[in-house]
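Asks: Heads up, the sequence shown is in my numbering, so the first residue is 622 and it goes up one at a time.
My questions all concern the structure below.
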Amino acid sequence: MATSTPFLFALEGRSNFLILTFMLWSPERMSDFLIPLGGYYMGLALDEARSAAEKEEVPVGAVVVFNGRVIGRGHNRREELQRPFAHAEILALEDASLHLKSWRLHECTLYVTLEPCIMCVGAILQARVQRLVFGCLDPKGGAVESLYRLCEDSRLNHHPAVTRGILEKECATILSEFFAGLRSNKRIANSGE
Ligand SMILES: [Zn+2]
């Protein structure tokens with residue numbers, strides 16, 4: 622697990638002074654403040670997704686942020702580990718829990734490139750994650766907006782704040798390029814080349 626800070630991002634652009642003032646004033650909300658400014662943390666989640674793609678796994682990546690620091694990382698490793706639970710979010714949440722030595726992640730934000738599935742939203746609720754930020758929708762399996770809206774189900778006892786669409790295009794592109802590559806490889810194999 623690596624630790625990252627958003628200083629490189631924050632030191633760019635015209636709003637340096639305002640951003641740094643806000644960070645000093647309210648460091649625990651720094652990650653929320655940075656969300657609309659550039660998706661720094663989603664960029665790190667995309668790095669995780671690229672790691673998955675390099676292993677020929679479906680490229681989904683996630684990071685967990687606490688007080689502005691990345692304390693958990695994960696990418697999809699289902700094929701590598703042959704485990705049905707080895708989704709990016711689960712691995713990042715486990716990493717964060719180990720770091721904090723607690724199952725309660727109620728002050729953490731989870732960034733993930735793809736809308737989480739039923740299992741991963743279940744884990745997000747169990748871990749009491751404060752905020753979920755995701756990149757693109759998953760029309761076939763998403764449990765935040767697409768198929769179910771579990772984060773706002775009044776029958777459940779935890780409702781994380783949700784932000785979507787951060788680096789949406791990049792998050793969708795890495796997936797579409799991965800599946801286009803698979804189809805292309807299949808065509809080549811079928812043609813006997
Ligand atoms: Zn999942």
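Cβ coordinates follow ideal geometry from the N, Cα and C atoms, glycine included.
#1: Suppose you measure from the CA of leucine 702 to the CA of arginine 776; what does that come to, to the nearest Å?
#2: Going by the CB atoms, is the gap between glutamine 751 and glutamate 728 shorter than 8 Å?
#3: To which residues of the same chain is serine 672 closer than 6 Å at the C-beta, ignoring the five residues directly before and after it?
#4: Measuring CB atoms only, is the region 668 to 688 touching the region 715 to 731, in the sense that at least three cross pairs come out at less than 8 Å?
#5: Is the separation between the beta-carbon of leucine 771 and that of alanine 764 shorter than 8 Å?
#6: Could you give the C-beta distance for glycine 693 and alanine 674, rounded to a whole number, given that I count them as a contact under 8 Å?
#7: Go through the region 661 to 747 residue by residue and report every complete run of the alpha helix (DSSP H) that reaches 4 residues or more, in order.
#8: To which residues of the same chain is leucine 658 closer than 6 Å at the C-beta, ignoring the five residues directly before and after it?
#9: Note the first and the last residue of the continuous alpha helix (DSSP H) segment covering cysteine 757.
#10: Bridge partners for valine 783 per DSSP, in chain order?
#11: For the candidate residues Leu753, Cys792, Glu678 and Pro705, whose alpha-carbon lies nearest to that of threonine 784?
Replies: The relevant details are as follows:
#1: For the purposes of this step, residue 702 is taken as residue 81 along the sequence shown, with counting starting at 1. For the purposes of this step, residue 776 is taken as residue 155 along the sequence shown, with counting starting at 1. Computed Cα separation, rounded: 34 Å.
#2: By 1-based counting over the sequence shown, the position of residue 728 is 107. By 1-based counting over the sequence shown, the position of residue 751 is 130. In this structure, glutamine 751 lies closer than 8 Å to glutamate 728 by Cβ.
#3: The sequence position of residue 672 within the sequence shown is 51, counting from 1. Closer than 6 Å at Cβ, skipping near neighbours: His696.
#4: yes
#5: Position 150 of the sequence shown holds residue 771. Position 143 of the sequence shown holds residue 764. Yes, these two residues count as a Cβ contact at 8 Å.
#6: Position 72 of the sequence shown, counting from 1, holds the residue named residue 693. Position 53 of the sequence shown, counting from 1, holds the residue named residue 674. Not a contact, Cβ separation roughly 20 Å.
#7: 661 to 675, 699 to 702, 709 to 721 and 739 to 747
#8: Position 37 of the sequence shown, counted from the start, is the residue given in the question as residue 658. Only weak support exists for where leucine 658 lies, its pLDDT of 47 falling under 50; the value from the coordinates is given anyway. None.
#9: Counting from 1 along the sequence shown, the entry for residue 757 is found at position 136. Cysteine 757 -> not in any alpha helix (DSSP H); beta strand (DSSP E) instead, spanning 752 to 757.
#10: As a position in the sequence shown, residue 783 is number 162, starting the count at 1. Its beta-bridge partners are Leu753.
#11: Position 163 of the sequence shown holds residue 784. It is Leu753 whose Cα lies nearest to the Cα of threonine 784.
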